[in-house]
Amino acid sequence: MHFTFKEIAFDDHLLIKSFDLFLHPGECIIITGESGCGKTTLFNALTAHNDFLESAPSLTISAQKQKPLLCEDLTLQMQYEMIGSDATLFQHFDLMTHLNDYPACLSGGERQRAASALTLSREADLYILDEPTASLNQDYSALYVSAFKNIMQTGRSLIIFTHDEYLLDPAFTHMHIAHQEIEIKHQGLHYDHSYKTKPLDLKQMPGYIIKMDHHGRWYKHLSHVLIPLLLIISLIFSGFNQLISTSTNKLLSQLTSRELVAYKPVETLKGKVDTYSMSGFEKPLSNKEIDSLKVKHVQNIKARYDNFEPLDGVYRDLLTHPYHISEKTKPFVLSQANKATTFSRMDISTYHYDLRDQGSIRYENKKKGLYLSMATAKKMAQALHCQVKDLLGKSLTFSLGIPIYNTYGRSQGGVGETIAYTYDLTVDYIKLTMPITGILKASSFGIYNLDRYVIYLPDKAFFSLVKKKARTQRRTLYIVGEDYSHVYFNHIAKNKRKQIMHTFHDRPYRPCAYSVYVDEISAVPDVIKALQKKGFDILSEYSSHQEAALAVKNYQQAYGIATLALLLLCLLLSVVINYITRHKRYLHKCYLASLGIKHCQALFKKAYGKETLALLLSVFILTFIICLLISLQRHILFMPTLFTILGSCLIIILNAFLFPLYIRK
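Right, here's the structure in full:
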């Protein structure tokens, strides 16, 4: 092995002239010299810590500096196990009683011997030691000589820089530095046995890196207790927050429906109409407006129809209408003469069977048909002298106005009276018979009023009738005379135009309102707000419970802020602890470099990556167990702990990947 050294000089002061060093396999060279002659500089050149080495063979080197470098956070046993060695040299240097001790527990001489034992235990082609016996008595020098000879016999080489004359054994080559030159004083033996150096096994290295990082710092141990404790507290806060949310949503689900009615109100001369007319007085919705209903949390939208007091053309029929109930063959007429069983007003609304709100239903059977509001069912049951539940399965015959036109225009009550601009529906009446399939608790399916008389018709059946009755042509109606004596379609003579009292434009029917189905009850206020921003008016029974829901939401926000604050505290603790341990990690990096490991950063990433996976698994298991226990009592699922999981994951990721990148010299 041939080493070529440049001239060694500092500030024009020459220490050693350029020279060549030849080293045989199985040879030990002892280099001596006065203090300041350049021995440590040569050591640094051989270990690539300066630029004075011009050329050298490719070798695996194990080196020990004059000041021993040990990992303070691993026991001696951990350190030799980490490099894949055994305790042979520790026994040789009389250290067996200290294998389970950390370096801080050792004396200066014991640290020196431990460092030498570790250096000589590593797999290497060349061992370089600087003053290995400093501060040791001559008895230990003999131990070093025998250790060096054992290594020589395996075909491996050594270079020792020392002042210790007890290391000058005849078997070793002796070189001396004097007068700026290095000369051979004695040629020793060498053993030309071939030795194949085994590469260092790095598989177990990440585990030892984690042990290094976790040892000895009280604040590190504190973080291992405090951070999980804060995470558990935030988890409990999150679970309690979800408990409030779940209980509130359950109560609201019993009181309210997730179905909203969205419509565009009519603008009149006196301002906007604030209430839903139930008569088609609203503006028909365009395709663009229908698409704008699809905001966040909207599960589905369906066209709906709501009407009361059947309409004939553009006239309001104010007569009382009988409703017939039968058990298939025998009809029973609810007498108009008996005021207790006469309906002066009946609302007709559509519902979507697959999206019907189960919380609104008191009784139902498996057939698809009509649903009755409780007020309607009670009045019919009173007329039939039966229980409300007994109405299920009976047939109901009633008149139904099928809309064929959206009618809008201007009307005037009489000469000189105020002109009004209106929307209306033109309908065509049919008689319809359908079975009663359900009774509601009050009146809902988007329409909320405890005392309302409502018949709910399946929307598929209704809109199929609308399709059959559909008109495609447009028309304009001119009505002359206060008594509606003359009606002109599309055209009117010029001499009659001044007599026009009403002008109506008929357009093919389009729905004026849509049912908007929200995915969860807690999202109803957000959906209402989003749709109102788009210009829709919303009919919802949720509004009557809005104040209570808002108060609960404020409590939830408070708990959410507390949870977030705890997570931020966890993050801050993690940042501070990792910041104050950065120097310690630098020492770990230097220690690994002394083992000949060039890519220390990759090992740090791998080590902390494994720790990340382990901690993530722990967090998920802990979260799952707590949520499972809570869910058994309160039906709370895994999702409430999302914040906690994200926060803990962020802390772990910072520990694993970010801070090792900031290890500095």
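Read left to right, the sequence shown gives residues 270 to 934 (the numbering used here).
We treat Cβ as the ideally placed atom computed from N, Cα and C, and that holds for glycine.
Classified as buried, residue 677 has 16 or more neighbouring CB atoms from the shown chains inside 10 Å of its CB. A direct Cα-to-Cα measurement between residue 340 and residue 415 gives close to 26 Å. Beta-carbon to beta-carbon, residue 622 and residue 731 are separated by about 12 Å, too far to satisfy the 8 Å threshold. Residue 366 has no beta-bridge partner at all, per DSSP.
Annotation: residue 699 to residue 781 spans about 21 Å, alpha carbon to alpha carbon. Rounded to the nearest whole angstrom, the CA to CA distance from residue 381 to residue 324 is 31 Å. When DSSP reads this structure, residue 756 sits in a beta bridge with 748. With a cutoff of 8 Å on beta-carbon distance, residue 451 and residue 285 are scored as near each other. Annotation for residue 379: 364, 367 place their beta carbon closer than 8 Å to its own, counting only its chain and skipping 5 residues before and after. Only residues of its own chain outside the window of five on either side were considered, and among them 312, 315, 316, 330, 332, 428 have a CB closer than 7 Å to the CB of residue 397, listed in chain order. Using a C-beta cut-off of 8 Å, the stretch 758-778 makes contact with the stretch 740-748, since at least three inter-stretch Cβ pairs fall below that distance. In summary, residue 798 is exposed, with fewer than 16 beta-carbon neighbours lying within 10 Å of its beta-carbon over all protein chains present. According to the DSSP assignment, residue 361 belongs to the alpha helix (DSSP H) that extends over 357-361. Distances from the CA of residue 694 to each of 386, 655, 675 were compared; the closest alpha carbon is that of 675. Excluding the 5 residues flanking it on each side, residue 646 has same chain C-beta neighbours closer than 7 Å at 657, 660, 708, in chain order. With respect to the 8 Å criterion, residue 529 and residue 715 are classified as neighbours on the basis of their beta carbons.
The three-state secondary structure of residue 377, taken from DSSP, is helix. In terms of CA proximity to residue 563, 531 leads the group 576, 535, 531. Taking each of 354, 796, 823, 546 in turn and checking the Cα distance to residue 387, the smallest one comes out for 354. Collapsing the DSSP output to three states places residue 314 in a helix.
With contacts defined as CB atoms closer than 8 Å, residue 642 and residue 722 qualify as a contacting pair.
Listed in chain order, the non-local C-beta contacts of residue 637 below 8 Å within the same chain comprise 622, 706, 727, local neighbours out to five positions each way being set aside.
With respect to the 8 Å criterion, residue 566 and residue 796 are classified as neighbours on the basis of their beta carbons.
Within its own chain, the residues whose Cβ lies closer than 6 Å to the Cβ of residue 809, once the five positions on either side in sequence are excluded, are 529, listed in chain order. Rounded to the nearest angstrom, the Cβ distance from residue 337 to residue 384 is 3 Å, consistent with a contact under 8 Å. Annotation: residue 790 to residue 760 spans about 52 Å, alpha carbon to alpha carbon. Taking each of 576, 635, 629, 648 in turn and checking the Cα distance to residue 618, the smallest one comes out for 576. Between residue 410 and residue 394, the CB-CB gap reaches or exceeds 8 Å. Residue 564 carries a coil assignment under DSSP once its states are collapsed to helix, strand and coil. For residue 779, the closest of 768, 785, 443, 736 by C-alpha to C-alpha distance is 736.
Closest option to residue 457, judged by alpha-carbon separation, among 440, 444, 464, 447: 440. Rounded to the nearest whole angstrom, the C-alpha separation of residue 346 and residue 852 is 24 Å. If you check the CB distance, residue 334 and residue 446 do not come in under 8 Å. For residue 352, no alpha helix (DSSP H) run applies, since DSSP gives it neither H nor E. For residue 279, the closest of 615, 296, 375, 449 by C-alpha to C-alpha distance is 449. In this structure, the straight-line span from the alpha carbon of residue 729 to that of residue 552 is close to 22 Å.
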